[in-house]
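Notes to accompany the following structure.
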Amino acid sequence: MTAAVDTGGGARSWSPQLPTDDDWRQWNLDPKWSRFVDVVSHTGGTHRWHVLDTGVPDGSDAATTPTVLCVHGNPTWGYAWATFLRQLHGRYRVIAVDQLGMGFSDRVERRRYTDRVRDLDDVIVALGLPGSSPLVVAAHDWGGAIALGWVVQDPRQVAGMILCNTGIAIPEGRKAPGIIRLAAWAPILDLVCRGTPIFVEGTSRLSRGRISKTDRAAFRAPYPTASSRAAIADFVDDVPLRSDHPSQAAIAEVAERLGSIKAPVLLAWGAKDPVFNDDFAADLAARLPNTTTHRFANSNHLVMAEADVAGIAGSWLDDLVVGRLAAAVTSDGPGDRAGVAALTFDSVWSAISSRRDDHGEAFVDLATGDALTFSELARRVEAVAGELVRQGLRPGDHVAMLTPPGVDLVSAVYGVWRAGGVTVIADRGLGLQALGRAVRSTRPAWVIGPKRSLGAATALRWAPRASQLDVADLVTADPGDTLPPEPSADDLAAVLFTSGATGPAKGVRYLHRQLAAQRDALATTYSITSEDRLVAAFAPFALYGPALGIPTALPACDVTKPAELTADILDDACVRIGATLAFASPSALANVVATAMGRRRFGLERLRMVLSAGAPVPSETLRAVAALAPAANLHTPYGMTEVLPVADIELTEITAAEADEPNGGVCVGPAVSGVEVRIVPLGFDPDELPEAVAAWPMGEILVRAPWVSDGYLGLWATERAARPGSGEWHRSGDVGHLDAQGRLWVEGRAVHVIHGVDGPITPVPVERAVERALGVRRSAAVGVGPVGSQQLVVVLEVPGASAGVAEAPMAERARTAIDRPLASVLVVPALPVDIRHNAKIDRAAVAVWADDVLAGRRVRSLT
Amino acid sequence: MKVLVTGASSLIGAGVVEALAARGDVVTCLQRSRSTRLGEGSAVTQHLGDIRDRDVVMAAADGCEAIVHVAAKVGVVGDWEEYRSINVDGTDNVIRAATGQNIGRVVHVSSPSVAHGGEPIVGGGADAPVLGRRRAWYPESKAMAEILALGAASEELGVVAVRPHLVWGPGDTQLVGRIVDRARAGRLALVGGGRALVDTTYIDNAVAALIAALDAVSPEARCSGRAYVVSNGEPRMIRELVEGICRAAGVPFEPREVSLRVGRRVGAAVERLWPMVRRDEEPPMTQFLAEQLGTAHWFDPRPARDDLGYRPIVSIDEGLRRLGVWFAEQAAR
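Line by line, the protein sequences give chains A and B.
Heads up: the first sequence is residues 1 to 863, going by the numbering used here.
Heads up: the second sequence is residues 864 to 1196, going by the numbering used here.
This is the structure in structure tokens:
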């Protein structure tokens, strides 16, 4: 078949090898979707466009069901939207056009940007789209610039936009992408883009294995010959890399007008794109008034083919239809959104600023000998805040904190908060590589650290656009006369990272009022008064001392390394400050117990409370600590990066609870004052939050409290899933139950539940029963086989053992210990655990390994 | 109810006869030679004859309301013609007898091996039978038989195929007998370390599943025309099971370990050479056996539970205990 040759636009003769029905089916697309549209061109004449059009879904109302018009970039074609067509056609009409000269549309003479924008208008008119149904424009790569050019002409025409790895302007302070500059370099342009399929092939190969062979074949199908690829070279040549480029002015004008697009825009971004990287996403987010972002940390340029963009787009469209997406913020400025909360809001630094004239000790770092009085700390906080604003910090700027725990970190963090900046607190517990990725993903405008850390940050390119500030200069700066205005309760204060046990670490957003509420919750839960003195052997907790207005000491060891804390060091710190409270991680406490050597510790004996959290705390450890600190209550708060505290339990209560319910899981105690806990059935519909019912003995744990974090950074879909109902509940991802006394029991992670034929099995009760019966330190209960008929398998950690099958007597004892069928007991020398806590077992990896072992497949090492 | 049970002298067949008689059903047995175990009385009649003889089957089915078709030739050696005539023609005779005598309910005993393709089965269902194997006459003929039996299901005739997976128990010569013999001779081998998870069926459960199928099947029943894999629903590593059987029999468990790759190769070679040297004995290893022993084979128990109402009544551990008691009694005699 030969497509029509146009007369007006100077078409090149073009005899495409069209895909057969079998080809379409092979590509998992309905052959009926492929059709041609003869489009009258603004240049005169007619062009034949190829489109993939799913049509209006059966039974839907065309007047209210959005049509998603998809515009591809270079050098792809409508197939770039295959996932949208496949996944959304039942709910929405999806149309993916092949731009002129591309895909299976007519080949044409070179077209510049303004013509392409008008071409898009031509085809939209020919398809009869304007006014017929709400229009959502999805665009990728340079398709984005063209689509935006069309939308700004009359922004009211669109109900929303979905933009994937695209851009309208080279972001400030950045050169054009190297790959494009290379491809557009005149001597090789023709060879790379037209003469050979290097550019076509290279684009789909950027993503390595994530683009399937079938996809790659489909991407290359319309471009078998040099003549079929002419427009690809023309496209690259049309990228305005110089200011005197013929398309430069037109694109720049569109960029200036993006503020007029008030409709919601979803930025779905592959973060590993060497061309349209995060800088372009940030540039668009700054220009468009109503964007939400979902960033795929591991995806490349062809993000729609690599990640579940279509699924997320589906949820986003659903929300768009029901009006759940927030309207554009018409006026910005920090003060506007502050509501009633601001009237009663006690800022998180207020305990410091109110002690401006208190010359008592506020903070001691026994590792360095540094110490600050409250008065000095208050002045330093002001010095940092004042200097930051003088340096140009704007409210809402992200500030990466690379300062190690100590007096400088405390001064810097509160200073950034006071100045209206957003702290991005780097936690080395993520591992260096994940930490770098995490910090980079927040795009910090500033990095604060000691000189050597700044150098490392530069070398590792953690914050390539940031200005670097030496913390030593900041804390000694002149506070100046005027302080910047205080940020309001509803301003963003901090980004903290989850431990990333399952996938990349997620950035969690905290507002100032949420941090303040968290401080108040800690004060209430643990009855903290100004008489208390804190030893913080757990890095994050060192920051809470000043917020609570109590003198705080860091022990003489590296508090980021739990194994360095000994009984002597902890005791010295307690004596030095007259501590009433101590906070340490479970592994640090285990080390204290191991180094106690039976001696009396007078500092420890004065403690009224020891707190430990971050990972499950073995009650044996707590009992041994109780022997060292006989006057102390031993508390374990339960919570997560997104909300802390949720519940709290004291050692004697643990003993009582375990006696009541030996196989209940881990009892974390009653919800603390101000927290509501709700148990909902597994697999509940997040759009229809179930009412609190007692009939669900086990289910997912939902939490509501004033100190639940605001959401996730750049993860729209993750946040949507984590905040069901109207958004005020947080899905913990943990499963468990509430007992008759109102105590909360945690039975594992929802994703680790084993779905057997007789219903779900939670891992923790099985593990605890087996660990007790066999005297092993750690085990993992996992399921093998398909969901619904999974078999229970227990994998024991036996240091020094070789991986394989447990001895028969061991298996027998394990079976006796639990009251349900156990298919198999396996042994490994070490279970895979997270870096931060060295405690959270990656049960998903264990399950895959066990499945291979028990299927008789070849087995790789587990850790 | 009057029920015809074919192959009644086999372990499963005898179990079914006894279970039916115990609950008050009247049973006609059809097998080649008289069984002392089954006895003779008002509830049980022994009808002797060859399943390949259509008239014999027709006569045995006279006056029955249901048929449980157990009779089959099992093994890995022998002539194709023998497997085909017993397993395929025999099944054809049973179906014709059912139609001819207006019997509305047939339970056809099949085998999971009819759908076996050599890949691991992890929580699988009763897949469609596959045809076209070379040298594996048992599964090939049983696949043909199952297709034939289920194809006969109609508005007048309810047919259900039940595939018990690896049946074992006291008196079993196929699995238990061979494991014990090999262990005694010091020739016990475990393919792939014996770590593959495998479903098995304690004999009483296999009988319970067939009785459940008999009660469930009718021309209108959901199960008619379908196949069901039944087992204990407690997959275990083959190693654990073999060790348990050895312990029950009081024989040493000292297996050699053979990798799956080697097992397959040896099995393939044995399959080719064995008929030339020792035609009538069962070979120590075949490719099929290597795959059965070296890869996972376990199934989703829900279809049989939902459609047949079958739930296992004896656990693996209880079954092993009973096996131990039985071996002790044998030794005492």
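Even glycine gets a Cβ: it sits at the ideal position worked out from N, Cα and C.
Values in this document were obtained by computation on a predicted structure and should not be read as measured data.
Here the alpha carbon of B/P975 sits roughly 59 Å from the alpha carbon of A/V424.
Within chain A, the C-beta atoms nearer than 7 Å to that of B/T1158 come from A855 and G856, in chain order. Neighbours of B/L1060 in chain A, taken as residues at a C-beta separation under 8 Å, are given in chain order as V784, Q791, A823, S824, L854 and A855.
Closest in alpha carbon position to A/P224, among A/V666, A/V94, A/L18 and A/R749, is A/L18. Residues of chain B whose Cβ lies closer than 8 Å to the Cβ of A/V757 are, in chain order, G1096, D1163, P1164, R1165 and R1168.
Taking CB atoms only, A/V805 has a neighbour in chain B less than 8 Å away. Assigned with DSSP and collapsed to three states, A/N165 falls in strand. Membership of A/T621 in the alpha helix (DSSP H) is indicated by the continuous run S619 to L628. Contact between A/R623 and A/L366 does not hold, since the beta-carbon distance rounds to 27 Å and is not under 8 Å. Using a CB distance below 8 Å, the part of the segment 974 to 986 of chain B facing chain A consists of P983, V985 and G986, ordered along the chain. Taking all protein chains shown into account, A/G800 has fewer than 16 neighbouring C-beta atoms within 10 Å of its C-beta and is therefore exposed. Excluding residues up to 5 positions away in sequence, P66, P134, L135, V136, A263 and L320 lie with their Cβ nearer than 7 Å to the Cβ of A/A159 in the same chain.
At least one CB atom of chain B sits nearer than 8 Å to the CB of A/A811.
A/M810 has its alpha-carbon roughly 7 Å from the corresponding atom of A/L774. If you look at A/T816, you'll find it in the alpha helix (DSSP H) that goes A808 to A817. For the options A/R608, A/L792, A/L496 and A/A631, the alpha carbon positioned closest to that of A/E531 is the one of A/R608. Within 10 angstroms of the beta-carbon of A/H47 lie 16 or more other beta-carbons, which makes it buried. DSSP, reduced to helix, strand and coil, places B/L901 outside both helices and strands of the structure shown, so it counts as coil. Out of B/Q1155, B/A1079, B/V1061 and B/Q1193, the CA that lies nearest to the CA of B/G967 is found in B/A1079. Annotation for A/R749: the continuous beta strand (DSSP E) segment containing it runs R743 to R749. The beta-carbon of B/R998 is placed no less than 8 Å from the nearest beta-carbon of chain A. In terms of Cβ geometry, A/A419 and A/L388 form a close pair [threshold 8 Å].
Within the segment 1052 to 1076 of chain B, contact with chain A at the beta-carbon level (separation under 9 Å) is assigned to V1054, G1055, G1056, G1057, R1058, A1059 and L1060. The count of Cβ pairs closer than 8 Å, one atom from the segment 993 to 1003 of chain B and one from the segment 936 to 947 of chain B, reaches three, so the stretches are in contact. Its chain contains G1107 and A1111 as the residues whose beta carbon lies nearer than 6 Å to that of B/L1183, once the 5 sequence neighbours on both sides are disregarded; these appear in chain order.
Your pair A/G167 and A/V117 does not check out as a contact, with CB atoms roughly 16 Å apart and the cut at 8 Å. Below 8 Å, too few C-beta pairs join the segment 78 to 86 of chain A and the segment 113 to 128 of chain A to call them touching: fewer than three. With contact defined as three or more Cβ pairs closer than 8 Å, the segment 849 to 862 of chain A and the segment 824 to 835 of chain A are in contact. Assignment of beta strand (DSSP E) within the segment 415 to 470 of chain A, counting only whole runs of 3 or more residues, yields 422 to 425, 446 to 449 and 467 to 470 in chain order.
Here B/E1120 carries a strand assignment [DSSP, helix/strand/coil]. A direct Cα-to-Cα measurement between B/L994 and B/V977 gives close to 8 Å. Taken in chain order, the complete alpha helix (DSSP H) segments of 4 residues or longer contained in the segment 173 to 222 of chain A are 178 to 183, 186 to 190, 198 to 205 and 213 to 220. Counting the other CB atoms within 10 Å of its CB gives B/F1190 a total of 16 or more, which places it among the buried residues. For A/D481, the number of other beta carbons within 10 angstroms of its own is below 16, and it is reported as exposed. Contact between the segment 673 to 680 of chain A and the segment 459 to 466 of chain A is absent, with fewer than three C-beta pairs closer than 8 Å.
For B/V1093, the three-state secondary structure derived from DSSP is strand.
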